[in-house]
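*Asks:* In this note's numbering, the protein residues as written are 32 to 377. The beta carbon of each residue, even a glycine, is placed where N, CA and C say it ideally should be. Keep in mind it's a predicted model, so treat the numbers as computed, not measured.
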Amino acid sequence: GTECEDLIEELLCCLIQLIVEIPLLDITYSISLEAVTTLIVFLSCQLFHKEILRESIIHKYLMHGRCLPYTSRLVKTLLYNFIRQERSPPPGSHVFQQQTDGGGLLYGIASGVATGLWTVFTLGGVGSKPTPQLEQCSPLANQSLLLLLVLANLTDAPDTPNPYRQAIMSFKNTQDSSAFSSSNPHTFQINFNQFIPALCEQQKSDQATLLLYMLLHQNGNVRTYVLARTDIENLVLPILEILYHVEERNSHHVYMALIILLILTEDDGFNRSIHEVVLKNITWYAERVLTEISLGSLLILVVIRTIQYNMTRTRDKYLHTNCLAALANMSAQFRSLHQYAAQRII
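#1: Thinking isoleucine 335 and arginine 375 are a contact (beta carbons under 8 Å), I'd like their distance in whole angstroms, please.
#2: Checking 7 Å against the spacing of the C-beta atoms, do serine 103 and histidine 217 come in under that value?
#3: Using only the alpha-carbon positions, how far apart do leucine 43 and leucine 74 sit?
#4: Among Ile305, Val51, Leu293, whose alpha-carbon lies nearest the alpha-carbon of asparagine 353?
#5: Taking only three categories from DSSP, how would you classify valine 308?
#6: Can you round the beta-carbon distance between glutamine 238 and leucine 180 to whole angstroms, since I take them to be within the 8 Å contact cut?
#7: Name, in chain order, the residues that DSSP records as bridge partners for isoleucine 331.
#8: Exposed or buried, which one is leucine 185 when buried takes at least 16 other CB atoms within 10 Å?
#9: Would you kindly check if the distance between the Cβ of methionine 287 and the Cβ of leucine 241 is under 7 Å?
#10: So aspartate 298 and leucine 355 are supposed to be a Cβ contact under 8 Å. How far apart are they, rounded?
#11: By the 10 Å Cβ neighbour count, where 16 or more other Cβ atoms means buried, how is phenylalanine 79 classified, buried or exposed?
#12: Would isoleucine 221 and leucine 110 qualify as a contact pair, given that the criterion is a beta-carbon distance under 7 Å?
#13: Only counting the same chain, and skipping five residues up and downstream in sequence, which positions put a Cβ closer than 8 Å to that of leucine 171?
#14: Tell me, please, which residues DSSP counts as bridged to lysine 203.
#15: Considering only the beta carbon of each residue, do leucine 329 and glutamate 264 sit closer than 7 Å?
#16: Tell me the DSSP secondary structure of serine 87 in three-state form.
#17: Who pairs with glutamate 297 in a beta bridge, going by DSSP?
#18: According to DSSP, is isoleucine 53 part of a helix, a strand, or is it coil?
#19: Which same chain residues end up closer than 7 Å to glutamine 175 when comparing Cβ atoms and leaving out the 5 residues on each side of it in sequence?
#20: Using a Cβ-Cβ distance cut-off of 7 Å, determine whether glutamine 116 contacts chain D.
#21: Using the three-state DSSP reduction, which class does glutamate 323 fall into: helix, strand or coil?
#22: Mark isoleucine 50 as exposed unless 16 or more other C-beta atoms lie within 10 angstroms of its C-beta, in which case mark it buried.
#23: Asparagine 204 and phenylalanine 223 - do their beta-carbons sit closer together than 7 Å?
#24: Does the distance from the C-beta atom of valine 277 to that of threonine 337 stay below 7 Å?
#25: Apart from the five residues on each side of it in sequence, which residues of its chain come closer than 6 Å, Cβ to Cβ, to leucine 295?
#26: Could you give the residue range of the alpha helix (DSSP H) that holds serine 63?
#27: Quick one: is arginine 319 buried, meaning 16 or more other Cβ sit within 10 Å of its Cβ, or exposed?
#28: So is leucine 38 buried or exposed if we call it buried at 16+ other beta carbons inside 10 Å?
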């Protein structure tokens, strides 16, 4: 009845308050982790419905009422949890008794739920090879990222757009002094100098690649900041490595990496700058020893290799089209190409 629903709303608000109000310390790490994972479990109802859920009690409370004012603070806290990549503290500092396998029962349940939700959001694709060591080292960062993606992909309410997606689409750099838009009450600021490097370092996971894609596609502040950076190789190299190891990745991870390149190559400044960045000793490129090559030439080599892999293995016409589109975007700015890259084009 109504009393039961009121209790659910009270619990959701308490969980969100735990996440946003309690400072992250060794002694509070377990509490924050359990609060995040409990929210993931609450959002698992999508797993039990074939159709996209447009309304549910949990959706209603998260998008309206008492939970709504916490939207920007929750998204900001989850992002900073991801940025910090805090390792799980020593067992002696845990408030809750830890199981011997390194994670609580609820963490295990929520990890499975989040993986299932991730599969739903990526149209049923099989996940990449898991990275349990990374997840075990920084479980709060991992779960915070998964919760962030689940919240961002909640369906809009009939009368209201998803406030969590609005927050993700509009947050700004702390160095941006421009006024906040009155049309979006969920805008906030985070430190891009911390956030973008942390995001680049985590691109081996498809969850982090999805977040990067969402931000480049939907958040103009992030896209402008990324394209203006002088160390663009720190972003591009992890994406190229995903494409290079295409046989080890699921199709959705490869697609997201390729679309990220498409977004980047739509910018003429990016297409010029990648030929000015000289790289040395790319150890993961096995076809040929590359002691010195420009980032632009390496990008060409990896995209052409992806085309060849697609022609002989998967024969996916959309992957083929996107690869050719990326090369076409860059072609007007080709210059000082590495001999091997020029040869591969021909």
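*Replies:* Taking the definition as stated:
#1: 5 Å
#2: Judged by beta-carbon spacing, histidine 217 lies within the 7 Å limit of serine 103, meaning their Cβ atoms are closer than that value.
#3: 11 Å
#4: Leu293
#5: coil
#6: The pair is a contact, with the Cβ atoms about 6 Å apart (cut-off 8 Å).
#7: Answer is none; isoleucine 331 lacks a bridge partner.
#8: buried
#9: yes
#10: That belief does not hold up - the Cβ atoms of aspartate 298 and leucine 355 are roughly 18 Å apart, past 8 Å.
#11: exposed
#12: yes
#13: Result list for leucine 171: Leu55, Tyr60, Ser63, Leu64, Val67, Asn112, Glu117, Ser119, in chain order.
#14: Lysine 203 pairs with Gln220.
#15: no
#16: coil
#17: Partner(s): none; glutamate 297 has no beta bridge.
#18: coil
#19: For the sequence presented, residue 175 should be read as serine rather than glutamine. These residues qualify, in order along the chain: Val67, Leu109, Asn112, Phe113.
#20: Chain labels in this structure do not include chain D; a single protein chain is all it has.
#21: strand
#22: buried
#23: The answer is yes: Cβ separation under 7 Å.
#24: yes
#25: Phe301
#26: 60-73
#27: exposed
#28: Burial call: exposed.
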